[in-house]
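Residue numbering for the sequence shown follows this note's numbering, beginning at 1320 and increasing consecutively.
Just so it is clear, CB atoms sit at the ideal spot from N, CA and C, and this is done for glycine as well.
For clarity, every value in this text was computed on a predicted model and none was experimentally measured.
Comments concern the structure below.
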Amino acid sequence: MKKEKHIPLRKCLACGEMKPKAELFRIYVAQDGGVELDRSFKSGGRGAYICRNKDCIARAAKAKRIERVVGACDADFYGKLSAEAEDEG
Ligand SMILES: [Zn+2]
């Protein structure tokens, strides 16, 4: 028996693919204006999603996608994301 469950998809800001949230990092702008990784997926504020792979993070870093999408990003935030990401893409 197969029951189809609706899985909400979110768009990666680097590759533009639609993926389930479990395959993405959510980033958001905290109250102090800094960009944070939202592990709970529940933090308020302006947010965006990016794949949990180093390719997408490197791509986003190169094109400054996070800055463009959420309006803020420290250079070392990309490194932080990359450290959390999986190697295989
Ligand atoms: Zn992606």
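Neighbour-count burial assignment, residue i, 16 or more Cβ in a 10 Å radius
| i | result |
| --- | --- |
| residue 1408 | The predicted model places residue 1408 with a pLDDT of 45, which falls under 50 and marks its position as unreliable; any figure quoted below should be read in that light. Exposed: under 16 other Cβ atoms inside 10 Å. |
| residue 1328 | exposed |
| residue 1402 | exposed |
Contact belief for residue i with residue j at Cβ below 8 angstroms, rounded distance in angstroms
| i | j | result |
| --- | --- | --- |
| residue 1381 | residue 1404 | Rounded, the Cβ-Cβ distance is 15 angstroms, inconsistent with contact. |
| residue 1346 | residue 1376 | 10 angstroms between Cβ atoms; not a contact. |
Proximity below 9 angstroms, CB of residue i to CB of residue j
| i | j | result |
| --- | --- | --- |
| residue 1370 | residue 1399 | no |
| residue 1388 | residue 1332 | yes |
| residue 1391 | residue 1352 | yes |
| residue 1368 | residue 1324 | no |
| residue 1364 | residue 1349 | yes |
Endpoints, the alpha helix (DSSP H) within which residue i is located
| i | result |
| --- | --- |
| residue 1376 | 1373 to 1382 |
N-terminal and C-terminal residue of the beta strand (DSSP E) that residue i is part of
| i | result |
| --- | --- |
| residue 1400 | No beta strand (DSSP E) contains residue 1400, which is instead part of the alpha helix (DSSP H) from 1394 to 1403. |
Residue-level contact to chain C via CB, residue i, 9 angstroms cutoff
| i | result |
| --- | --- |
| residue 1374 | Of the protein chains in this structure there is only one, and it is not chain C. |
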